[in-house]
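Take a look at the structure below.
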Amino acid sequence: MIADQLPTIELSQATVVIPTYQAGGYIVPMIEALAKQGVAASQILIIDSSSTDATVESFRQFGARVVVIPQCEFNHGGTRRYAAELAKGSEFLIYLTQDAIPASESAFRDILKTFSNSAVGMAYGRQLPRPTAAAIERHAREFNYPQAGVELRSLRDRDRLGVKSTFCSDSFAAYRRTALESVGGFPEDAFFAEDQIIAGRMLMAGWKLAYVGEAVVTHSHDYSIADDFRRCFDVGVYHARNTWLLDTFGRAEGEGARFVFSELRYLLRSEPWTIPSALIRTFAKYAGYRIGRLEHRWPLRWKARLSMAPSYWKTRIPRRH
381 MIADQLPTIE
391 LSQATVVIPT
401 YQAGGYIVPM
411 IEALAKQGVA
421 ASQILIIDSS
431 STDATVESFR
441 QFGARVVVIP
451 QCEFNHGGTR
461 RYAAELAKGS
471 EFLIYLTQDA
481 IPASESAFRD
491 ILKTFSNSAV
501 GMAYGRQLPR
511 PTAAAIERHA
521 REFNYPQAGV
531 ELRSLRDRDR
541 LGVKSTFCSD
551 SFAAYRRTAL
561 ESVGGFPEDA
571 FFAEDQIIAG
581 RMLMAGWKLA
591 YVGEAVVTHS
601 HDYSIADDFR
611 RCFDVGVYHA
621 RNTWLLDTFG
631 RAEGEGARFV
641 FSELRYLLRS
651 EPWTIPSALI
661 RTFAKYAGYR
671 IGRLEHRWPL
681 RWKARLSMAP
691 SYWKTRIPRR
701 H
């Protein structure tokens, strides 16, 4: 099919899903950015985990559909699955996190354009660091989210990219409903990396994954060394529970080494005094990952202390009567 005959994907075909909890200072910039995207407020679905601040009321006043769930019921995979069920009338689902602010007025249109290719089942956008982000975080964003362009990946790319071929982020991603449902939808019990599980399943089922550099949000974190440890513990748990992913696409260690060398070169040019901190972080990340891979050896109370999602583990600790 020639380019000018490709089907046009309309914004009216999409629902925007944003899980929220105590959104605080992100509420105003998010609502302002959403108002410029060209979607009706009624197309925005907020799944809130019982916030006690102004989150729920602010989004309701904006006109969004707000569904409140108990905080203990939030689960990265299960909550997104629930949202997809609530948005049954939409063929395309755009997922954001509450702190990923669209950086242009065409962010949603840009990510949806990719679905004109009927083989694309999932697309994710570029994430820019916040203006206050330190060099370590700026490098992470630039390494994982390169500049403009569209990159299409298929199962064949695993020989070139390994497990990196499944990399994506629900901080800003869009799904074709038919593709999502064809691979079983979001996993019900996934406290981490539900997006990469879906990406892997889609690639194995013959769908394509798209990275869309023109579709941009502002999103970064100021993680401490302890946070980096905990996040990589969660990555280790995720890989331990999804061995099929590494068996199919390859191991993660090679990509980690490439990231470290790229980071050191970047810091040497920009903030060389942060290199010792970066090296400590690298050790903490690796230790967290290896410990996470052995999650079966740790009691639930320890997992709650080691993870960035302690509530997930705490709800699984048997209550004493």
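Residue numbers (my numbering): 381 to 701. Beta carbons: idealized from backbone N, C-alpha and C, even for Gly. All of these numbers come straight from a predicted model, not from anything done at the bench.
Best match in the options for proximity to residue i [C-alpha to C-alpha]
| i | options | result |
| --- | --- | --- |
| ASP602 | SER422, ARG510, GLU643, GLY404 | ARG510 |
| GLY593 | THR477, GLY404, VAL530 | VAL530 |
| ILE365 | GLY405, ALA487, VAL500, ALA554 | Not covered by the structure: residue 365. The range shown for the chain is 381 to 701. |
| GLN423 | ILE411, ALA434, ARG445, PRO399 | ARG445 |
| PHE641 | GLY418, ILE516, MET584, LYS468 | ILE516 |
| THR598 | ARG440, SER438, GLY505 | GLY505 |
| ILE491 | ARG521, HIS676, ILE389 | ILE389 |
| ASP433 | VAL447, GLY636, ALA403, GLN507 | ALA403 |
| LEU680 | THR558, ALA667, THR695 | THR695 |
| THR623 | LYS588, ILE577, PHE639 | ILE577 |
| ALA658 | HIS519, ASP537, GLN507, SER438 | HIS519 |
| SER438 | GLY634, VAL447, ILE411, ARG645 | ILE411 |
| ASP479 | LEU508, ARG538, GLY672 | LEU508 |
| ARG538 | ARG673, GLU635, ALA415 | GLU635 |
| ASP550 | THR459, GLU643, ALA415, GLN451 | THR459 |
| ARG631 | VAL419, ARG673, ILE449 | ARG673 |
Beta-carbon proximity of residue i to residue j, cut-off 7 Å
| i | j | result |
| --- | --- | --- |
| ALA463 | VAL397 | yes |
| ALA585 | VAL563 | yes |
| PHE334 | GLY501 | Missing from the structure shown is residue 334; the chain here goes from 381 to 701 and no further. |
| SER545 | ARG533 | yes |
| ASP614 | SER687 | yes |
| GLY580 | LEU625 | yes |
| LEU425 | ALA487 | no |
| ALA590 | THR494 | yes |
| ALA413 | PHE442 | no |
| GLU675 | ALA620 | yes |
| TRP693 | ALA684 | yes |
| SER496 | PRO387 | yes |
Contact set for residue i: own chain, Cβ-Cβ below 6 Å, skip 5 residues either direction
| i | result |
| --- | --- |
| ALA689 | PHE571 |
| TYR401 | SER429, SER431 |
| ASP608 | ARG661, ALA664, LYS665 |
| SER470 | ALA394, THR395 |
| HIS456 | ALA570, PHE571, GLU574 |
| TYR669 | CYS612, VAL615, GLY616 |
| ARG540 | none |
| ALA499 | LYS588 |
| SER600 | PRO509, ARG510, ALA513, GLU517, ARG521 |
| GLN451 | SER429, SER430 |
| VAL447 | ILE427 |
Residue-level contact to chain B via CB, residue i, 7 Å cutoff
| i | result |
| --- | --- |
| ARG621 | In summary, chain B is missing from the structure at hand, where a single protein chain is found. |
Neighbourhood of residue i by C-beta distance below 7 Å, restricted to the same chain and skipping five residues each side
| i | result |
| --- | --- |
| PRO409 | ILE481 |
| GLN417 | PRO482, GLU485, ALA487, PHE488 |
| GLU651 | ALA515 |
| THR435 | THR400, GLN402, ALA403, ILE407, ASP428 |
| ILE697 | LEU680, ARG681 |
| ARG461 | GLY565, PHE566, GLU568 |
| ALA667 | PHE609 |
| TYR618 | PHE572, ALA573 |
| PHE639 | PHE523 |
Buried or exposed by the 16-neighbour rule on C-beta atoms within 10 Å, applied to residue i
| i | result |
| --- | --- |
| GLY405 | exposed |
| ARG521 | buried |
| ASP627 | exposed |
| PRO399 | buried |
| CYS548 | buried |
| TRP682 | exposed |
| PRO526 | exposed |
| SER392 | exposed |
| PHE472 | buried |
| ARG536 | exposed |
| ILE382 | Note that ILE382 has pLDDT 41, beneath the 50 cutoff, so the model's placement of it is unreliable and the number below is only indicative. Exposed, because fewer than 16 other Cβ atoms sit within 10 Å of the Cβ of ILE382. |
| ASP453 | Note that residue 453 is Glu in the sequence shown here, rather than Asp. Exposed is the call here. |
| GLU465 | exposed |
| VAL596 | buried |
| ALA559 | buried |
| ALA637 | exposed |
Contact set for residue i: own chain, Cβ-Cβ below 8 Å, skip 5 residues either direction
| i | result |
| --- | --- |
| THR654 | ALA514, ALA515, ILE516, LEU647 |
| HIS701 | Interpretation of HIS701 is limited by its pLDDT of 49, a score under 50 that renders its predicted location unreliable; no figure is taken from the coordinates. |
| ILE605 | SER657, ILE660, ARG661, ALA664 |
Residue i: CB within 6 Å of a non-hydrogen atom of the ligand FMN
| i | result |
| --- | --- |
| PRO511 | The ligand FMN is not part of this structure, which contains no ligands at all. |
message: I'd like the ranges of any beta strand (DSSP E) spanning at least 3 consecutive residues and lying wholly in the stretch 532-568.
response: Runs of the beta strand (DSSP E) inside the stretch 532-568: 552-556.
message: For a minimum of 4 consecutive residues, which ranges assigned as the alpha helix (DSSP H) are wholly contained in the stretch 583-632?
response: Counting whole runs of 4 or more residues, the stretch 583-632 contains the alpha helix (DSSP H) stretches 605-621, 623-629.
Contiguous beta strand (DSSP E) assignments of at least 3 residues, all confined to the stretch 432-518: 445-448, 472-476, 500-508
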